[in-house]
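Quick note on numbering: the sequence shown equals residues 1 to 184 in full-length UniProt numbering.
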Amino acid sequence: MKDLSLHILDIVQNSVSANSSVIEINLDIDTEKDYIKLAVKDNGKGMDSEFLKYVTDPFTTTRTTRKVGLGIPLLKQNAELTGGSFSIDSQLGQGTELLARFIPSNIDCLPLGDIAGTFALLICSYPAIEFKIRVKKENELFEVSSSDISKALDGIPLNNPQVYPIVKEFIYSNLDELQITDLG
Numbered sequence: 001m002k003d004l005s006l007h008i009l010d011i012v013q014n015s016v017s018a019n020s021s022v023i024e025i026n027l028d029i030d031t032e033k034d035y036i037k038l039a040v041k042d043n044g045k046g047m048d049s050e051f052l053k054y055v056t057d058p059f060t061t062t063r064t065t066r067k068v069g070l071g072i073p074l075l076k077q078n079a080e081l082t083g084g085s086f087s088i089d090s091q092l093g094q095g096t097e098l099l100a101r102f103i104p105s106n107i108d109c110l111p112l113g114d115i116a117g118t119f120a121l122l123i124c125s126y127p128a129i130e131f132k133i134r135v136k137k138e139n140e141l142f143e144v145s146s147s148d149i150s151k152a153l154d155g156i157p158l159n160n161p162q163v164y165p166i167v168k169e170f171i172y173s174n175l176d177e178l179q180i181t182d183l184g
């Protein structure tokens with residue numbers, strides 16, 4: 001993965017595959033305390049304790065198309081390469097919560113990438129899923145959800161092709177106010 005936005009896309013795809021109806025994405029950036037925290041929580045089918053023990057092994061996957069699953073192992077590796085940490089908790093039938101902490105001053109820390117584009121893509125690609133997105137930088141906060149955007153669109157479907165650039169610009173302008181688009 002070249003940047004954090006691609007990790008988000010990959011991890012959320014796991015939540016989508018787990019039949020989640022609600023996915024929460026929290027990105028917390030503190031430049032003074034030198035951390036970036038990414039938390040993804042879903043209400044999908046979850047994992048049993050046995051599978052959870054091995055989920056960070058690239059040869060553990062639920063995929064049937066190939067026998068390798070690199071998303072979670074790469075996120076864990078990239079967080080730990082910066083001196084950060086990784087944890088995952090899941091209960092069968094309850095969902096999964098993943099937390100990755102990065103140290104942005106470390107030379108191995110990936111750039112954020114196109115966070116606004118990633119969030120917009122997820123919201124517009126999966127209109128049946130309620131995305132709750134929260135981005136915090138120091139004491140500034142931006143929150144948006146699929147339902148917030150749907151209300152603002154007043155009946156225009158989220159997956160209408162004309163909606164994506166509008167949603168991306170809306171998210172981008174709010175992240176720009178937090179000076180998040182300048183990181184990485």
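Backbone N, C-alpha and C define an ideal beta-carbon position, used for all residues, glycine too.
Would you check if the distance between the CB atom of Ile29 and the CB atom of Lys151 is smaller than 8 Å? no
Restricting to runs no shorter than 4 residues, where is the alpha helix (DSSP H) found entirely within the segment 139–184? 146–153, 163–177
In whole angstroms, what separates the C-alpha of Ile72 from that of Ala128? 24 Å
Spatially closest choice to Lys45 from Gln94, Thr56, Ile11, by CA coordinates: Gln94
If you drop the 5 nearest sequence neighbours on each side, which residues of the same chain put their C-beta closer than 7 Å to that of Gln77? none
Option nearest Ile166 by Cα separation, candidates Glu130, Val55, Gln91, Ala120: Ala120
Buried or exposed: where does Asp42 fall if 16 or more other Cβ atoms within 10 Å of its Cβ makes it buried? buried
In the DSSP assignment, find the unbroken beta strand (DSSP E) run with Leu35 in it and report its ends. Residue identity check: residue 35 is Tyr in the sequence provided, not Leu. Start and end: 35–42.
Looking only at its own chain, which residues have a Cβ that is under 6 Å from the Cβ of Ile133, when we skip the five neighbours before and after it? Ile25, Phe119, Val144
Could you work out which residue in Pro111, His7, Ser87 is closest to Lys53 when comparing CA atoms only? Ser87
Any heavy atom of the ligand MN closer than 7 Å to the beta-carbon of Gly46? Annotation note on the ligand MN: not contained in the displayed structure, which lists no ligands.
Limits of the unbroken beta strand (DSSP E) element including Leu112: Careful: Leu112 lies outside any beta strand (DSSP E) and carries neither H nor E.
Beta-carbon separation of Ile115 and Cys109 under 8 Å? no
Assuming Leu74 contacts Met1 (C-beta within less than 8 Å), just tell me the rounded distance between them. 6 Å
Looking at chain B, is there any beta carbon in it that lies within less than 8 Å of the beta carbon of Asp10? The question asks about chain B, but that chain is absent: this structure has only one protein chain.
Can you pull the DSSP bridge partners for Ser85? Arg101
So, helix, strand or coil for Ser21, using DSSP? coil
Could you please give the first and the last residue of the uninterrupted alpha helix (DSSP H) stretch that includes Glu50? 49–54
What's the gap between the Cα of Asn174 and the Cα of Tyr164? 16 Å
Using three-state DSSP, classify Asp57 as helix, strand or coil. coil
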